[in-house]
Amino acid sequence: QETHLGLEDQRPGQRHPLGLSWGEAQRAALARALVLEPEVPFLDEPTASLDPESAAVVEGAIRGLREKEKTVVLSTHDPSQAQRLADRIVRLEEGRIVEVVELTAPGESTPPRPAPPGG
Numbered sequence: 006q007e008t009h010l011g012l013e014d015q016r017p018g019q020r021h022p023l024g025l026s027w028g029e030a031q032r033a034a035l036a037r038a039l040v041l042e043p044e045v046p047f048l049d050e051p052t053a054s055l056d057p058e059s060a061a062v063v064e065g066a067i068r069g070l071r072e073k074e075k076t077v078v079l080s081t082h083d084p085s086q087a088q089r090l091a092d093r094i095v096r097l098e099e100g101r102i103v104e105v106v107e108l109t110a111p112g113e114s115t116p117p118r119p120a121p122p123g124g
C-alpha cells in the first residue's frame, strides 16, 4: 500500500518518533497525510532532503495516486521531478503564473501556453 512509503518495518510503539531519521520522519508525515485520503492532496516539496532511495519510494506513491486518477498538487524546485510525475506543469516566477505546459506522456509535452493576462 502506498501509504507505507517504505516504513512497513516500523510498527506502532516500536520506536519513539524522535528516534526516526529525517527521511523516516518526512515519509511518516506524508503517510499520515495520505492515509486520510484527501480529495486533492497538496504536497509541498515531498522529496526535499530525502536520499535517492527514499525519494523514489515517495515518487512511487505519487504515481500510485495518479494511477487512481487522483488529482495531486505538487510543488517542487526540481524540473525533472515535475516532468516525471506531472501531466500539467504550472511554472511560477515571483508568485505569478508565467507558463503552463500540458504533458502528453512522461517527458513529452505540448508547446507551452503563455500565462493568462494578469497571471
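The sequence shown begins at 6 in this note's numbering and counts up by one. Backbone N, C-alpha and C define an ideal beta-carbon position, used for all residues, glycine too. What you are looking at is a predicted structure, and each value in this text was computed from that prediction instead of being measured.
- In the three-state reduction of the DSSP assignment, V63 falls in the helix class, which pools H, G and I.
- In this chain, S26 is not harboured by any alpha helix (DSSP H), its DSSP state being neither H nor E.
- With respect to the 8 Å criterion, L41 and V63 are not classified as neighbours on the basis of their beta carbons.
- Rounded to whole angstroms, the gap between the alpha carbons of R37 and P43 is 11 Å.
- Note on geometry: alpha-carbon atoms of E74 and Q88 lie some 17 Å from one another.
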